[in-house]
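The structure appears below as structure tokens.
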DNA sequence: AGCCAGGCTACCG
DNA sequence: CGGTAGCATGGC
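Numbering (my numbering), first residue to last: 2 to 230.
The structure is reproduced here in structure tokens:
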């Protein structure tokens, strides 16, 4: 049984994928490869086997906090600073001098908050001891809200949790499939009930929404010349 | 110059 | 409870 909504949600996914192709999320410095042009690649299209190591998983968790209400580029600079300090490792990060740590992540903004959040989530990650956290457990960590919890579960732990962000709300309220003020779980539920529970689709869909929204929904009025309709 | 960025917490009524 | 001010810094 295919509902109309399911057609809409899947149709938009197909259109976005045809427009932009596989996105290679979550970006990882660990698989950084320098191209001929000297451009560093942090995305890894069609490779769904990442993260592979404890530190790669940790890098994604760091990125989810650093990019909160912040352009990815600013978060990436912070990650590169941490990498230079060899601190993309939970124990080593906690060992950093507090001021050096803050200086390293300053580019990502909200340093006073994010420095606390990162230490909290780092202790939580160490405490997991290799196990996969529940959504509820993640939400109990200070600094981890709905979107961050789902990003961590989907991209760091390969769990089928759909990620909703402001861009998702902007695009789909503009299309008319949701109200902008619908709460997080309602929107998340819409996607999860109308898509097959497929890690690759969840992964690409959120990444494609971000890509598309950066282009057509980052400045008011939103959605002008959106080729989706 | 001013708006925007891949949110979250704490506090307000 | 649902709504929102405040939080920091960098890019354009």
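Built from N, CA and C at the ideal position, the CB exists for glycine as well.
Nothing here was measured: the structure is a model prediction, and the numbers come from that model.
Could you name each continuous alpha helix (DSSP H) segment of 4 residues or more that falls completely within the stretch 44-122, going from the start of the chain to the end?
-> 55-67, 73-85, 91-96 and 99-106
Give a yes or no on contact between the stretch 108-126 and the stretch 89-98, applying the rule of three or more CB pairs nearer than 8 Å.
-> The stretch 108-126 is in contact with the stretch 89-98.
Going by other Cβ atoms of all chains shown within 10 Å of its Cβ, with 16 needed for buried, is residue 109 buried or exposed?
-> buried
Taking 9 Å as the cut-off, decide whether the C-beta atoms of residue 104 and residue 82 are in contact.
-> yes
Residue 136, enclosing alpha helix (DSSP H) - first and last residue | 136-140
Taking residue 71 as the reference, give the member of 149, 59, 58 and 13 with the closest Cα.
-> 149
Does the separation of the CB atoms of residue 66 and residue 115 fall below 9 Å?
-> yes
What separation, rounded to the nearest whole angstrom, lies between the Cα atoms of residue 64 and residue 31?
-> 12 Å
Between the Cα of residue 46 and those of 209, 143, 160 and 214, spot the shortest distance and give me the residue it belongs to.
-> 209
Starting from the Cα of residue 22, find the closest Cα among 152, 133 and 213 and give me that residue.
-> 213
Check whether residue 133 and residue 160 have beta carbons under 9 Å apart | yes
Sequence-distant residues of the same chain with beta carbon closer than 6 Å to residue 17, five excluded per side = Answer for residue 17: 209 and 213, listed in chain order.
Would a C-beta distance cut-off of 9 Å place residue 11 and residue 226 closer than the cut-off?
-> no
Roughly how many angstroms lie between the CA atoms of residue 140 and residue 58, to the nearest whole one?
-> 18 Å
Just curious, the alpha helix (DSSP H) that residue 173 is in, first and last residue?
-> 167-176
Name the two residues that bound the continuous alpha helix (DSSP H) containing residue 212.
-> 200-217
Return the residue from the list 29, 193, 180 and 166 that minimises the CA-CA distance to residue 60.
-> Of 29, 193, 180 and 166, the residue nearest in Cα terms is 29.
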